[in-house]
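Working notes for the structure below.
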Amino acid sequence: MKQLEPVVCVVDDDWGVRNSLRWLVESEGLAVNTFASAEAFLDACDPAQPGCLVLDVKMPGMSGLELQRELRQRRITIPVIIISGHADVQVAVRAFKTGAVDLLEKPFSDDDLLDRIRLALEKDREIRAAAAERAAAAARIALLTRREKQVLGLVVAGSSNKEIANKLALSLKTVEVHRSRVMEKMQVGSLAELVRLVVHSEENLETQP
Amino acid sequence: MESDRQDGAATDPGAGPTRAEQVLRANQQLLEPAADANPSMLYLYSLPERRTIYMNDRIEALLGYSREEIVAGGRDFVRSLFHPDDLPAVRRQPGEYQTLGDGAVRRREYRIKHRDGGWRWFHNRESVFSRDDQGNPELILGASEDVTDQVEAESALRASQRLFARVADTVPSIVYVYDLSEQRCVFVNRQLEATLGYPIEQFQRNPFGVIDEFVHEDDRQDLAASVAGGLAGVEDGRVLEREFRLRDARGEWRWLHTRHVVFARTPTGGVRQILGVADDVTERTRAEQALSESQAFFKKVVNAAPIVLYLHDQTTKQDLFVNDQAEAVFGRPPEIGHDGFLDLVHPEDIDHLIGAGERLAAAAEGGVVETEFRARHASGEWRWYQDRVVALTRTADGKPVRVLGAIQDTTDRRLAEEAIREREHLLERVADSLPQLVYLFDLSAGRLQYVNRQVSKMLGYSPEEMKKPGDELLNAIVHPEDRRSVKLLFPADPAALDGAGAIEFECRVRHANGDWRWLLCRNFVFTRAADGSAEQVLGTIDDVTEHKLAGENLVRFSLAIESSSDAIAMADATGRVTYVNPRFADLFGYTAEDLNVVHPAVRLFDEETETAMREAIFAGCLWTREVELKVKSGRAVPCLLRVGPIQDAAGQMVGFYSVTTDITERRQREEQARQHQAELTHAQRISTLGEMAAGLAHELNQPLSAIASYASGCARRIRSGAGDPGELLAVVEQISEEALRGGEIIRRLKELVQKRDLRREPVDVNSLVHDVVHLVESDVRQGDVAVQLELAERLPRPGADRIQVEQVLLNLVRNALESMHQCGNGHGAGPRAELSIRTAQLDGDTIELRIRDSGSGVPEDLAERIFEPFFSTKAEGLGMGLSISRSIIEAHGGRLWATINEDAGTTFHVTLPLGTAPPREESVR
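Taken in sequence, the protein lines are chains A and B. Letter 32 of the first sequence, counting from 1, is numbered 32 in the working numbering, and no numbers are missing. Take the position in the second sequence, starting the count at 1, then add 209; the result is the number in the working numbering.
This is how it looks when you write it as structure tokens:
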């Protein structure tokens, strides 16, 4: 999978603030996209694009908090840094509840902002990697037959081969054949690896015949 | 034939000759030939031997059995031939013949079965043929004769007699058979009883003769002659009719019409019985008598009548009858129905009269056709006549054949009617021209007979609508509470009308439009019947609703004045006080009498006030002023005094009134409020500043954070040596621009915070508007409000304290923005929030500012209350903003008020005078 360059998106209705932020963030060699409103950002938003979001709370039209809600609804997991003219406790609580990673009060130091942007991009990377792994595991599980999925489910649940044979009314040998085929299809070498993969996939495997 | 049941012995041929045989033999020569020739069966029976010793040959012919068969059959066979019912009669009883004398005959009838199985009736006769030495009967000679045909004929006769009786009972007439020899009815049907009330037996068993007893004396002879003699020579089947009177059971005479036929005759051909069928014709006879009497009477009447009567046949054009009056009226031999009659008729009416014929043809059966025409009277003068014609008979297709006509002279009646009509017309015109409602009520008919046109004007009903029955009218239009009193007059209690004078009463009546009107009714008797009781009532009605209302209002007004909290006094034109209300006496301590005493101590007004007042009153003006009045106790009371003239209808001053309000308390309240307001105005301003400071801080943050970011970006580039001087320069220029932006915000804040005294200077209201809009820019942006400015060009500058006016404007604009925020117009849904500010010059010396929002608005009833201190529609408002704003504007001699927009929101109006001298020189902080 091709890795895209992360982009820092700045949403602020004040042209001066917006423009100065671009100037500052670009000095770190990061790509910046600015938007004058939450709506403009939503229109251009590509869920596949890695990056983070620097967001002003108070804007005409859709507010920063409203944009956060909208992103959650669209299952866009981009990390959000809130910047606010006068951050009160209420705004902060609401911002974090809706999944912001950070909140900065204007005016803020350049280091503060840039550190937070770096952390946010790191978090974004992690989220995306986890999602990719989950997708890969799910894709492998999807290759299994129904019987193999049952065996897998029981293996992950900690059953021995003998127990599995009893439970599924199969011969021990058959269970062993299924089990080795599962290991092969799931592309793992050990039971520990297999368990990790299944847990990450968040798939719900049936353990009943 | 005979049989013997006593011993059952049969003829014994072996025994020697008995004495009976000896007797027989002795007579045999004589007897046998005769016996055989006899049509009856003959036999000889010996009593001592108890057997039949001789029988002739007839038995075979009568019963189908031969003599030999009977003898051979013996006693039992013979017995079996008799009908079981007749056996007891056939049996001979011992000693039965002992009493039978010579020549006497013993008779019996019995049935015997013929050989063919049918029963035959026999008539048997026995007599003593010979006796022994002691004279006892020895031989019995019997003869039996077949009487079957005779018996059957009798039974058939009896059956037909029963049938006759039944038939006779069912006919409606009295049917009877009268026997002339017995002089009684041998048969009478039940109808007799129904018609005359006699039991049947009375006619059948009358020893004296029916005719003598029941028939009317005058009719007896005729009837008797007719039934006896009359029918004597008449052949059978010929009917003879008679009418005669008969007394019925109640003693009344009934006319009977009877038809007689011969029913039975004597052998010699004379009449023995008569069949009569009689009907009760009493009613018919009476009617006929009455008819002939009335016909005679009618003829007299017809000829004596004052009208011309005629009966005319239209097909033959013949007068069948014309009474004597015709000649008297028309002076010539009567020929009413003829065309010739038209010569007498007025030329203008001829067509009309001819048309009557057609109308009669078209009229319904029995329909009378009336025609009025003029004709020349026998005296030669023209007179009016009315012809009433009715068709008595018609042809099959409905054409009148016989017509009966009556012609009456109507000249006098017409003249009278015309005179009445003219008089009525005149009266109606008079009545209609009266302003009152005039009516004539007919007590006997129980309804209005006449009502003038005024009714539609006064009550909205047509005169016809008012002529419905009185009770109905009463319930329809008179007020329920007044119905009783009205009903006393119409028409339940004519006694109330016995007096000669008018009777007046008031009642409420519903106008056609549903309003109740008070009516004053005056009634008096118009005509009286012969016994002096009222017949017609003439009434007039005036609508007194206005008077009533005026009267009621007067009561209310005086109540209001009596209980008024203002002191009210009235005086006549000379200044004499005629009335003071209780409050007046309370307030001033003077009564009306006190005030009329001329005394230097009693003086409410100083001279100057009195003069001014007098001038105003005599000019017809209302004079109002706040003055201090000295009351009886000597205290000076601040009062609002209003004095006005009282004028009569012509505008002439007849007096004056005064209304005095004690305003002591109001003065105190106003003073307090003024002090409070001054304090609160300052507090408000401080609080406004506090609120604004938060907003301004945010505003200031924007350029500051931009500057920080720009500068940091520069520093980083310079440190890493990546900075391109051209690029850096542009950013540094941005920095200084943002810094200036911040400076501008600070300047505005400073301006607002500066505290100054009220200072009047010409204020450019338009630039003031721009400044205020600038101040609220962030709120505007945040609320997504469209701001519209309509600023008049070349607007004159009123003299005002710029800061204070700006504060008012800022307050109004912020209120507007908040109200729009409250109703959620700031975000997406609904029409966009709009704030419009307009400036304009009004009528030369005033400028107006209008601040219009599309917010939640205020309820109409609160439009004035929002200016009261501590009144707020906002959750966290102090409720002072508008109150202070108003006091500021009023301090400038202007006005501040609110109006409700038609679509949404509120508009605040501020006016400022351009003049230089405001009425109150006060500084408001």
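Beta carbons: idealized from backbone N, C-alpha and C, even for Gly.
Rounded to whole angstroms, what's the CA-CA distance from Ile1109/B to Val1022/B? Just pull it up for me. By 1-based counting over the second sequence, the position of residue 1109/B is 900. By 1-based counting over the second sequence, the position of residue 1022/B is 813. Take the alpha-carbon of Ile1109/B and the one of Val1022/B: they are about 16 Å apart.
Just curious, the beta strand (DSSP E) that Ile770/B is in, first and last residue? Here residue 770/B refers to the residue found at position 561 when the second sequence is read from its first residue. That residue, Ile770/B, is in no beta strand (DSSP E); its alpha helix (DSSP H) goes 754-771.
DSSP on His200/A, reduced to helix/strand/coil? Against the first sequence, residue 200/A aligns to sequence position 200. His200/A: helix per DSSP, three-state reduction.
Under 8 Å between beta-carbons, which chain B residues line up against Phe108/A? List them in chain order, please. What you label residue 108/A is simply residue 108 of the first sequence in a count that begins at 1. Within 8 Å Cβ-Cβ: Ser914, Ala917.
CB of Gly798/B within 8 Å of CB of Lys839/B, strictly: Taking the first residue of the second sequence as 1, we reach residue 798/B at position 589. Taking the first residue of the second sequence as 1, we reach residue 839/B at position 630. For Gly798/B and Lys839/B, no; Cβs fall outside 8 Å.
Taking all protein chains shown into account, decide if Leu646/B is buried (16 or more other Cβ within 10 angstroms of its Cβ) or exposed. Here residue 646/B refers to the residue found at position 437 when the second sequence is read from its first residue. It is buried - the Cβ of Leu646/B has at least 16 other Cβ atoms within 10 Å.
Do Met250/B and Ile262/B have their C-beta atoms within less than 8 Å of each other? In the second sequence, residue 250/B corresponds to position 41, counting from 1. In the second sequence, residue 262/B corresponds to position 53, counting from 1. It is not a contact, given that the beta carbons lie outside the stated cut-off.
Would you say Val940/B faces chain A, with C-beta separation under 8 Å as the test? Locating residue 940/B in the second sequence gives position 731, where the first residue counts as 1. Taking Cβ atoms only, chain A reaches closer than 8 Å to Val940/B, which makes this a yes.
Just checking: is the beta-carbon of Arg926/B within a distance shorter than 8 Å of some beta-carbon in chain A? Along the second sequence, one-based indexing puts residue 926/B at 717. Cβ-Cβ to chain A under 8 Å: yes for Arg926/B.
Please tell me whether Ser921/B has its Cβ less than 8 Å away from any Cβ of chain A. Along the second sequence, read from residue 1 onward, the residue named residue 921/B stands at position 712. True, the Cβ-Cβ gap to chain A drops below 8 Å.
My assumption, with CB atoms under 8 Å, is that Leu465/B sits in contact with Ala496/B. Please give the rounded CB distance. As a working note, residue 465/B is residue 256 in the second sequence. As a working note, residue 496/B is residue 287 in the second sequence. The pair is not a contact, with the Cβ atoms about 16 Å apart (cut-off 8 Å).
Quick check on DSSP: helix, strand or coil for Val985/B? Taking the first residue of the second sequence as position 1, residue 985/B is located at position 776. Residue state, collapsed to three classes: coil.
Contact the stretch 819-837 of chain B vs the stretch 742-755 of chain B: 3+ CB pairs below 8 Å: Flag = no, the stretch 819-837 of chain B and the stretch 742-755 of chain B do not touch.
Cα separation between Val996/B and Met862/B? Mapped onto the second sequence, residue 996/B falls at position 787. Mapped onto the second sequence, residue 862/B falls at position 653. So the alpha carbons of these two residues sit roughly 59 Å apart.
Quick check: the Cα distance between Ala1049/B and Phe1117/B, rounded to an integer number of angstroms? Position 840 of the second sequence holds residue 1049/B. Position 908 of the second sequence holds residue 1117/B. For Ala1049/B and Phe1117/B, the distance between alpha carbons rounds to 14 Å.
For Val314/B, which residues from the same chain have a beta carbon less than 6 Å from its beta carbon, with the 5 sequence-adjacent residues on both sides left out? Position 105 of the second sequence, counting from 1, holds the residue named residue 314/B. Taken in chain order, the residues that qualify are Arg334, Ser336.
Does any residue of chain A bring its CB to less than 8 Å from the CB of His154/B? In this structure chain B extends from 210 to 1134, so residue 154/B is not present and cannot be described.
Just to confirm my understanding: we take Arg1104/B, look at its own chain, exclude 5 residues before and 5 after, and list those with CB closer than 6 Å. What are they? For the purposes of this step, residue 1104/B is taken as residue 895 along the second sequence, with counting starting at 1. Cβ within range, chain order: Thr1120.
What residue range is occupied by the uninterrupted beta strand (DSSP E) comprising Leu24/A? By 1-based counting over the first sequence, the position of residue 24/A is 24. Counting along the chain, Leu24/A falls outside any beta strand (DSSP E), though it belongs to the alpha helix (DSSP H) covering 15-26.
Pair every Cβ in the stretch 868-878 of chain B with every Cβ in the stretch 765-778 of chain B, then say whether three or more of these pairs are closer than 8 Å. With a cut-off of 8 Å, the stretch 765-778 of chain B and the stretch 868-878 of chain B count as touching, because enough Cβ pairs lie within range.
Could you check if Leu635/B is buried or exposed, using at least 16 other CB atoms within 10 Å of its CB as the buried criterion? Numbered from its first residue, the second sequence carries residue 635/B at position 426. With fewer than 16 Cβ atoms within 10 Å of its Cβ, Leu635/B is classed as exposed.
Note down, in chain order, each residue of its chain lying with its Cβ closer than 8 Å to the Cβ of Val151/A, except the 5 sequence neighbours on either side. As a first step, residue 151/A is located in the first sequence; it is residue number 151 there, counting from the start. Cβ within range, chain order: Ile164, Leu168, Val175, His178, Arg179, Val182.
Short of 8 Å Cβ to Cβ, which residues in the stretch 28-40 of chain A face chain B? So the close ones are Glu28.
Chain A contact residues for Gln911/B, given Cβ-Cβ distances below 8 Å: Taking the first residue of the second sequence as 1, we reach residue 911/B at position 702. Within 8 Å Cβ-Cβ: Asp14, Gly16, Val17, Gly85, Lys106.
What are the complete beta strand (DSSP E) segments, minimum 3 residues, inside the stretch 269-328 of chain B? Segments of the beta strand (DSSP E) lying fully in the stretch 269-328 of chain B: 315-322.
Using beta carbons (cut-off 8 Å, strictly below), is Ser990/B in contact with chain A? Indexing the second sequence from 1 puts residue 990/B at position 781. Here the sequence assigns Arg to residue 990/B, which means Ser is not the residue at that position. Chain A has a Cβ within less than 8 Å of the Cβ of Arg990/B.
Would Pro791/B be called buried (16 or more neighbouring beta carbons within 10 Å of its own) or exposed? Start at 1 with the first residue of the second sequence, and residue 791/B comes out as number 582. When all chains shown are included, Pro791/B counts as exposed.
Length of the line joining the Cα atoms of Pro222/B and Arg288/B: The residue you call residue 222/B lines up with position 13 of the second sequence. The residue you call residue 288/B lines up with position 79 of the second sequence. Bear in mind that the predicted position of Pro222/B carries a pLDDT of just 45, short of 50, making it too unreliable to give a figure here.
Between the C-alpha atoms of Arg375/B and Arg399/B, what's the straight-line distance to the nearest angstrom? Here residue 375/B corresponds to residue number 166 of the second sequence, with the count starting at 1. Here residue 399/B corresponds to residue number 190 of the second sequence, with the count starting at 1. Approximately 10 Å, taken between the alpha carbons.
Kindly identify the DSSP beta-bridge partner or partners of Ser336/B. Here residue 336/B refers to the residue found at position 127 of the second sequence. The beta-bridge partner set that DSSP reports for Ser336/B consists of Leu350/B.
Straight-line Cα distance separating Cys52/A from Ile927/B: For the purposes of this step, residue 927/B is taken as residue 718 along the second sequence, with counting starting at 1. For the purposes of this step, residue 52/A is taken as residue 52 along the first sequence, with counting starting at 1. Near 26 Å, if we compare the C-alpha coordinates of Cys52/A and Ile927/B.
Backbone CA spacing between Pro107/A and Leu113/A [nearest angstrom]: As a working note, residue 107/A is residue 107 in the first sequence. As a working note, residue 113/A is residue 113 in the first sequence. Pairing Pro107/A with Leu113/A, the inter-Cα distance amounts to about 10 Å.
Segment contact flag, the stretch 731-744 of chain B with the stretch 715-723 of chain B, C-beta cutoff 8 Å, min 3 pairs: The stretch 731-744 of chain B is not in contact with the stretch 715-723 of chain B.
Candidates Gly614/B, Leu529/B, Arg316/B: closest to Gly566/B by CA position: Against the second sequence, residue 566/B aligns to sequence position 357. With distances taken between Cα atoms, Gly566/B lies closest to Gly614/B.
Neighbourhood of Leu4/A by C-beta distance below 8 Å, restricted to the same chain and skipping five residues each side: As a position in the first sequence, residue 4/A is number 4, starting the count at 1. Excluding sequence positions up to five before and after Leu4/A, its CB lies within less than 8 Å of the CB of Ala48, Gln49, Pro50, all in the same chain and listed in chain order.
Quick one: is Lys58/A near chain B, going by C-beta distance under 8 Å? Taking the first sequence and counting its residues from 1, one reaches residue 58/A at position 58. Interface residue, yes.
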